[in-house]
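J.: Below are the structure tokens for one structure; questions will follow.
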Amino acid sequence: MAKFEKHIFVCTNQRPDGHPRGCCSPSGEGELHRLFKTKLAQRGIKGTVRANKSGCLDQCEHGPTVVVYPEAVWYGHVTEADVDEIIDSHILGGKPVKRLIIADECLNAATCPHKPRKPGQ
Ligand code: FES
Numbered sequence: 002m003a004k005f006e007k008h009i010f011v012c013t014n015q016r017p018d019g020h021p022r023g024c025c026s027p028s029g030e031g032e033l034h035r036l037f038k039t040k041l042a043q044r045g046i047k048g049t050v051r052a053n054k055s056g057c058l059d060q061c062e063h064g065p066t067v068v069v070y071p072e073a074v075w076y077g078h079v080t081e082a083d084v085d086e087i088i089d090s091h092i093l094g095g096k097p098v099k100r101l102i103i104a105d106e107c108l109n110a111a112t113c114p115h116k117p118r119k120p121g122q
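Here it is as structure tokens:
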């Protein structure tokens with residue numbers, strides 16, 4: 002079996018309603034991950050591109066969060082309506098979907114415009 006060329010990690014973490022950080026899969030059903038898998042299979046590339054469920058990727062305020070490796074392109078606020086574009090433009094076409102990319106200054110930052118300030122900050 003050939004090696005996977007790309008991995009699409011889809012956060013499926015669920016937290017209770019009202020949690021300050023929110024979560025990427027409020028239903029806990031992982032619909033976004035399932036849709037990536039379905040669409041990859043429809044395009045005949047499930048043998049070379051793997052969509053994996055992921056636990057929290059620590060970008061919750063930007064969620065639902067998806068990251069594509071090996072490029073390490075991080076997407077935020079991904080909806081089911083974005084899945085075709087990510088696959089067609091990025092995975093197949095090599096052009097990441099700029100409008101969904103989480104800004105570098107927001108990734109792993111203690112604070113950013115999207116994260117609530119912690120007491121004392
Ligand atoms: S819950 Fe998805 S990144 Fe944290």
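Following my numbering, the numbering of the sequence shown begins with 2 at its first residue and continues without gaps. Think of the CB as a built atom: it goes at the ideal place given N, C-alpha and C, for glycine as much as any other residue.
If you follow the beta strand (DSSP E) that LYS7 is part of, which residue opens it and which one closes it?
T.: 7-12
J.: Between LEU58 and the ligand FES, is there a pair consisting of the residue's CB and a ligand heavy atom that are separated by less than 7 Å?
T.: Flag set: Cβ of LEU58 near the ligand FES.
J.: Could you check which residue in GLY95, PRO71, GLY94, ILE88 has the C-alpha nearest to that of LYS4?
T.: Cα-wise, what sits closest to LYS4 is PRO71.
J.: Check whether the Cβ atoms of VAL11 and HIS34 lie closer than 8 Å to each other.
T.: Cβ distance < 8 Å, so VAL11 and HIS34 count as in contact.
J.: Return yes when at least one heavy atom of the ligand FES lies under 7 Å from the C-beta of ASN14, else no.
T.: yes
J.: Would you mind reading off the limits of the alpha helix (DSSP H) that contains ARG35?
T.: 32-43
J.: For a test of the three-state rule: what should DSSP assign to SER55, helix, strand or coil?
T.: strand
J.: Out of VAL84, LYS96, ASN14, which one is the CA nearest neighbour of LEU41?
T.: Comparing alpha carbon positions, the residue from VAL84, LYS96, ASN14 closest to LEU41 is VAL84.
J.: Leaving out five residues before and five after GLY31 in sequence, what residues of the same chain have Cβ atoms less than 7 Å from its Cβ?
T.: THR13, LYS54
J.: Does the Cβ of GLY192 have 16 or more other Cβ atoms within 10 Å, making it buried, or fewer, making it exposed?
T.: The first residue shown for the chain is 2 and the last is 122, placing residue 192 beyond what the model contains.
J.: Just checking my contact of LEU101 with VAL79 at CB under 8 Å: how many whole Å lie between their CB atoms?
T.: 6 Å
J.: So the beta strand (DSSP E) VAL74 belongs to, where does it begin and stop?
T.: 74-76
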